[in-house]
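K.L.:
Numbering (the numbering used here), first residue to last: 541 to 723. Ideal placement from N, C-alpha and C gives every residue a C-beta, glycine not left out.
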Ligand SMILES: [Fe+2]
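1. Between the alpha carbons of residue 653 and residue 585, how many angstroms are there, rounded?
2. Consult DSSP for residue 576 and reduce its assignment to one of helix, strand or coil.
3. Would you identify the three-state DSSP class for residue 553, choosing helix, strand or coil?
4. Looking at ligand 1, does it come within less than 7 angstroms of residue 565, judged from the CB to the closest heavy atom?
5. I'd like to confirm something about residue 680: is its beta-carbon nearer than 7 angstroms to some heavy atom of ligand 1, or not?
6. Going by beta-carbon coordinates alone, are residue 667 and residue 562 separated by less than 8 angstroms?
7. Quick one: does the C-beta of residue 770 sit closer than 7 angstroms to a heavy atom of ligand 1?
8. Does the separation of the CB atoms of residue 665 and residue 698 fall below 8 angstroms?
9. What does the Cβ neighbour count give for residue 592, buried or exposed, with the cut at 16 atoms within 10 Å?
10. Give the residues whose C-beta lies closer than 6 angstroms to at least one heavy atom of ligand 1, in chain order.
11. Kindly indicate which three-state DSSP category residue 570 falls into: helix, strand or coil?
12. Can you check whether the CB of residue 596 is closer than 8 angstroms to the CB of residue 686?
13. Does the region 635 to 651 come into contact with the region 702 to 718, if we say contact requires no fewer than three beta-carbon pairs (one atom in each stretch) closer than 8 angstroms?
14. With 16 as the cutoff for other CB atoms within 10 Å, does residue 555 come out buried or exposed?
15. Hey, would you say residue 717 sits closer than 8 angstroms to residue 674, going by beta carbons?
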């Protein structure tokens, strides 16, 4: 299958018009992750962990997210639905509930390549890549991922704080440096 980046956007955007957009996006990602080579050709190979914006609009964000081996992202919320379609490696999701104060753990889900996970708009999760390969996924959000105000929580104290994308970027930088030094 020949797949262009625009095809990904067009297909997700068409899903937004469906009765249940997140479920329609899930169906799109189910098909896309079934052909990981086509996704890699369209989006390029992963050389470092990070977030690549495929599409950004007020009602839809599509990211290619590559978690560096050994990396873990602290608990956070999105305040919009999200669909994660894995096409390389595996990400381990842990879920949380709000507690007074902070959070309490509420289960988890391992997401190997080929799996698609739908997250409701009130989900709080953390993500880890415990494998020695990049965990690569398409992340599709029902809104503008970068502009919505939301919370994240310290991994150890579960203290709530405003979402800080700069902190996330530093986490990727540190993980990438550690990974390169090992290689
Ligand atoms: Fe997330």
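P.N.:
So, from the listed chains and residues:
1. Residue 653 and residue 585 have their alpha carbons spaced roughly 15 angstroms apart.
2. Three-state result, residue 576: helix.
3. Taken through DSSP and simplified to helix, strand or coil, residue 553 comes out as helix.
4. Taken from the Cβ of residue 565, every heavy atom of ligand 1 lies 7 angstroms or farther away.
5. no
6. Contact: no.
7. Here the chain comprises residues numbered 541 to 723, so residue 770 is not present and cannot be evaluated.
8. No, they are not a contact pair.
9. Per the 10 Å Cβ criterion, exposed.
10. 616, 618, 665
11. In the three-state scheme derived from DSSP, where H, G and I count as helix and E and B as strand, residue 570 is classed as helix.
12. yes
13. no
14. The residue in question, residue 555, is buried, as its Cβ has 16 or more Cβ neighbours within 10 Å.
15. no
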